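Chains as they are written, first to last, in my numbering: chain A, 1 to 179; chain B, 180 to 507. The next block holds one structure in the form of structure tokens; read it before the comments.
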């Protein structure tokens, strides 16, 4: 990812070959149950910082409806939220606020980078720009990247399903390409 | 003796189970109802009809980190959610579901329910104060002023009905309305011509008492982040949520008992618990319907509605009924 002098944020992406560390004491059945509970009720934090937020709202509305997966409960307080959807361009001025919101969320919490701006700065990643943070993962541990400018609501839904898979290893539906 | 204790234990366990089951599944009903009203399906893939959604939410809330913000008053912060749930469960003890299904029939049933209902305002105040959050404090002050100003017209309306039936026992209040829809308190009679108005007042007040939209000033998201439970995550928030829904069930049960003849059939045939459940769930559905179709009022509009409209009308109704009861 050499892009000259630009700092494009992909530092925190874990390699798929890297084994996920497991806890010392394991309760297989309980862990499975808890994970199933968690992945079926991701409550996102109510905040949108740019145009991708419009797509996020569309995902919550009629036609797409993320409430089918129990993820429509947008919580206004970070204390009650599980999932932070960074929906849009992160300016340098906005970054500390987002970081505070992330720190205020109780564990376990997940972060989703929605759109090219939140992944790597998108169209703002050019030489000499002075105001944009190039990627939410330069200051947050991002779990899922959803590309697009802006991504369609289907992409956000797919992102939620992928996050479910990442957290619990459980697929909601069989992959039609593998079956 | 031991049989009495056994009876009491069974009754209390049944009351808690009914309150908890309702609190969990009314959330599901609310989300599905919201979906229907907004032309989307609502939670429908977790289990048949999305019925496994409440257990999933419960597991998630229970396994989430319990966080006490720095500077908060720990004791008050921990007590407030319990105080939100406990009075709601206590009130179920005296609510008669049918002639025989009642945990403990009390002479002062109405009074007891209102005494416990006012503890709900206390829990909101403690939550806002204990969490040391400016939004929490502002929201709890709002919610308490709202609760107090709506308890007045509610109680005046109840006094009217208690005056007519001559008892505060919920079972006897229902018995006074037995025999068909023309005997219910909802229908105006010679001695109480303004009863439909009282019903409307009581309905509006029970919406406001449960802090639900369009009167959810205590948790107005656009102004106060999440209101009095801003600092509550995990199961603390879950308890507030469950307390709200248990209070809705109590509000609907009270309306049913006071105005809609309790377990009585509209035609006077086959009275039983099924009529009571049918009535309270229809009322709860109308609560959900109102919540998702009306915008939030302002705090001034809310208090003006109570002090300038509902209280004068309910006072007038009280005096009129008292006079007419003397005449007829």
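Glycine included, each C-beta is placed from N, C-alpha and C at the ideal position. Remember, it's a predicted structure, so these values are computed and weren't measured experimentally.
**Asked** Among the residues of its own chain, which have a CB less than 6 Å from the CB of residue 145(A), if the five just before and after it don't count?
**Response** The sequence position of residue 145(A) within the first chain is 145, counting from 1. A distance below 6 Å between beta-carbons, with the five flanking residues on each side excluded, links residue 145(A) to the following residues of its chain, in chain order: 113, 119.
**Asked** Is it a yes or a no for the segment 485-498 of chain B touching the segment 375-384 of chain B, going by three-plus beta-carbon pairs under 8 Å?
**Response** Segments in contact, yes.
**Message:** Under 8 Å, Cβ to Cβ, is there at least one residue of chain A near residue 238(B)?
**Reply:** As a first step, residue 238(B) is located in the second chain; it is residue number 59 there, counting from the start. Yes, residue 238(B) counts as interfacial toward chain A.
**Prompt:** Quick one: is residue 390(B) near chain A, going by C-beta distance under 8 Å?
**Reply:** For the purposes of this step, residue 390(B) is identified with residue 211 of the second chain, where counting begins at 1. No, no contact with chain A.
**Asked** Given that a residue counts as buried once 16 or more other Cβ atoms are within 10 Å of its Cβ, and exposed if not, what is residue 55(A)?
**Response** Here residue 55(A) refers to the residue found at position 55 when the first chain is read from its first residue. Taking all protein chains shown into account, residue 55(A) has 16 or more neighbouring C-beta atoms within 10 Å of its C-beta and is therefore buried.
**Prompt:** When DSSP labels each residue in this structure, what does residue 246(B) get in the three-state scheme?
**Reply:** What you label residue 246(B) is simply residue 67 of the second chain in a count that begins at 1. In this structure, residue 246(B) counts as coil in the three-state DSSP scheme.
**Message:** In the DSSP assignment, the beta strand (DSSP E) including residue 110(A) goes from what residue to what residue?
**Reply:** Numbered from its first residue, the first chain carries residue 110(A) at position 110. First-last of the beta strand (DSSP E) with residue 110(A): 110-114.
**Neighbourhood of residue 3(A) by C-beta, 8 Å cutoff - its chain only, sequence neighbours within 5 removed** = Position 3 of the first chain, counting from 1, holds the residue named residue 3(A). Confidence is the limiting factor: at residue 3(A) the pLDDT is only 43, short of 50, which leaves the residue's position unreliable and the question unanswerable from this model.
**Request:** Could you tell me the boundaries of the beta strand (DSSP E) in which residue 499(B) lies?
**Result:** For the purposes of this step, residue 499(B) is identified with residue 320 of the second chain, where counting begins at 1. No beta strand (DSSP E) holds residue 499(B); the alpha helix (DSSP H) holding it covers 490-506.
**Message:** Whole angstroms are fine: how far does the CA of residue 267(B) sit from the CA of residue 418(B)?
**Reply:** Here residue 418(B) refers to the residue found at position 239 of the second chain. Here residue 267(B) refers to the residue found at position 88 of the second chain. For the pair residue 418(B) and residue 267(B), the Cα-to-Cα distance works out to about 11 Å.
**Asked** For the segment 245-261 of chain B, which residues have a CB atom closer than 9 Å to at least one CB atom of chain A, in sequence order?
**Response** Identification of residues in the segment 245-261 of chain B having a C-beta nearer than 9 Å to some C-beta of chain A yields 245, 246, 248, given in sequence order.
**Extent of the continuous beta strand (DSSP E) to which residue 84(A) belongs** = By 1-based counting over the first chain, the position of residue 84(A) is 84. For residue 84(A), the enclosing beta strand (DSSP E) stretches over residues 83-87.
**Item:** Buried/exposed call for residue 244(B), threshold 16 Cβ in 10 Å
**Value:** Within the second chain, residue 244(B) is the residue found at index 65, counting from 1. Classification for residue 244(B): exposed.
**Request:** Within the same chain, show all residues whose beta-carbon is closer than 7 Å to that of residue 160(A), passing over the 5 residues directly before and after it, in chain order.
**Result:** Taking the first chain and counting its residues from 1, one reaches residue 160(A) at position 160. Excluding residues within five positions, the ones whose Cβ falls inside 7 Å are 42, 66, 69, 71.
**Item:** Distance CB(residue 407(B))-CB(residue 306(B)) smaller than 8 Å
**Value:** The count along the second chain starts at 1 and reaches residue 407(B) at position 228. The count along the second chain starts at 1 and reaches residue 306(B) at position 127. Against a cut-off of 8 Å, the Cβ pair of residue 306(B) and residue 407(B) comes out as a contact.
**Prompt:** Out of curiosity, what's the CA-to-CA distance linking residue 353(B) and residue 504(B)?
**Reply:** In the second chain, the residue the question calls residue 353(B) occupies position 174. In the second chain, the residue the question calls residue 504(B) occupies position 325. C-alpha separation (whole angstroms): 19 Å.
**Message:** What does the Cβ neighbour count give for residue 117(A), buried or exposed, with the cut at 16 atoms within 10 Å?
**Reply:** By 1-based counting over the first chain, the position of residue 117(A) is 117. Buried, since its Cβ has 16 or more Cβ neighbours within 10 Å.
**Prompt:** For the candidate residues 429(B), 466(B), 461(B), 345(B), whose alpha-carbon lies nearest to that of residue 391(B)?
**Reply:** Here the question's residue 391(B) lines up with position 212 in the second chain. The candidate whose alpha carbon is nearest that of residue 391(B) is 466(B).
**Item:** Simplified DSSP state of residue 479(B), which is helix, strand or coil
**Value:** Along the second chain, one-based indexing puts residue 479(B) at 300. In the three-state scheme derived from DSSP, where H, G and I count as helix and E and B as strand, residue 479(B) is classed as helix.
**Request:** May I have the straight-line CA-CA distance separating residue 303(B) from residue 313(B), to the nearest angstrom?
**Result:** As a position in the second chain, residue 303(B) is number 124, starting the count at 1. As a position in the second chain, residue 313(B) is number 134, starting the count at 1. If I take the Cα positions, the gap works out to 14 Å.
**Message:** List, in chain order, every chain B residue whose beta-carbon is nearer than 7 Å to that of residue 154(A).
**Reply:** To locate residue 154(A), count along the first chain from 1; it is residue 154. Within 7 Å Cβ-Cβ: nothing; residue 154(A) doesn't reach chain B, min ~15 Å.
**Prompt:** Between residue 52(A) and residue 40(A), what straight-line distance do the alpha-carbon atoms span, to the nearest angstrom?
**Reply:** Numbered from 1 along the first chain, position 52 holds the residue referred to as residue 52(A). Numbered from 1 along the first chain, position 40 holds the residue referred to as residue 40(A). Approximately 23 Å between the Cα atoms of the pair.
**Message:** One question on the structure: do residue 106(A) and residue 310(B) come within less than 8 Å of each other, judged by their Cβ atoms?
**Reply:** Taking the first chain and counting its residues from 1, the one referred to as residue 106(A) is at position 106. Taking the second chain and counting its residues from 1, the one referred to as residue 310(B) is at position 131. Cβ distance not < 8 Å, so residue 106(A) and residue 310(B) don't count as in contact.
**Message:** Does chain A have any CB closer than 8 Å to the CB of residue 204(B)?
**Reply:** As a position in the second chain, residue 204(B) is number 25, starting the count at 1. For residue 204(B), the nearest beta carbon of chain A is not closer than 8 Å to its own beta carbon.
**Asked** Can residue 476(B) and residue 394(B) be called in contact, C-beta distance under 8 Å?
**Response** Here residue 476(B) is taken as the residue at index 297 of the second chain, counted from 1. Here residue 394(B) is taken as the residue at index 215 of the second chain, counted from 1. In this structure, residue 476(B) places its C-beta atom within 8 Å of the C-beta atom of residue 394(B).
**Item:** Local conformation of residue 550(B) per DSSP, three classes
**Value:** In the structure as shown, chain B begins at 180 and stops at 507. Residue 550(B) is therefore absent and cannot be evaluated.
**Prompt:** DSSP puts residue 132(A) in a beta bridge; with which residues?
**Reply:** As a first step, residue 132(A) must be located in the first chain, where it is residue number 132. Answer by DSSP bridge pairing, in chain order: 91(A).
**Request:** Give the DSSP-derived three-state secondary structure of residue 446(B) in the structure shown.
**Result:** One-based indexing of the second chain puts residue 446(B) at position 267. Here residue 446(B) sits in coil by DSSP.
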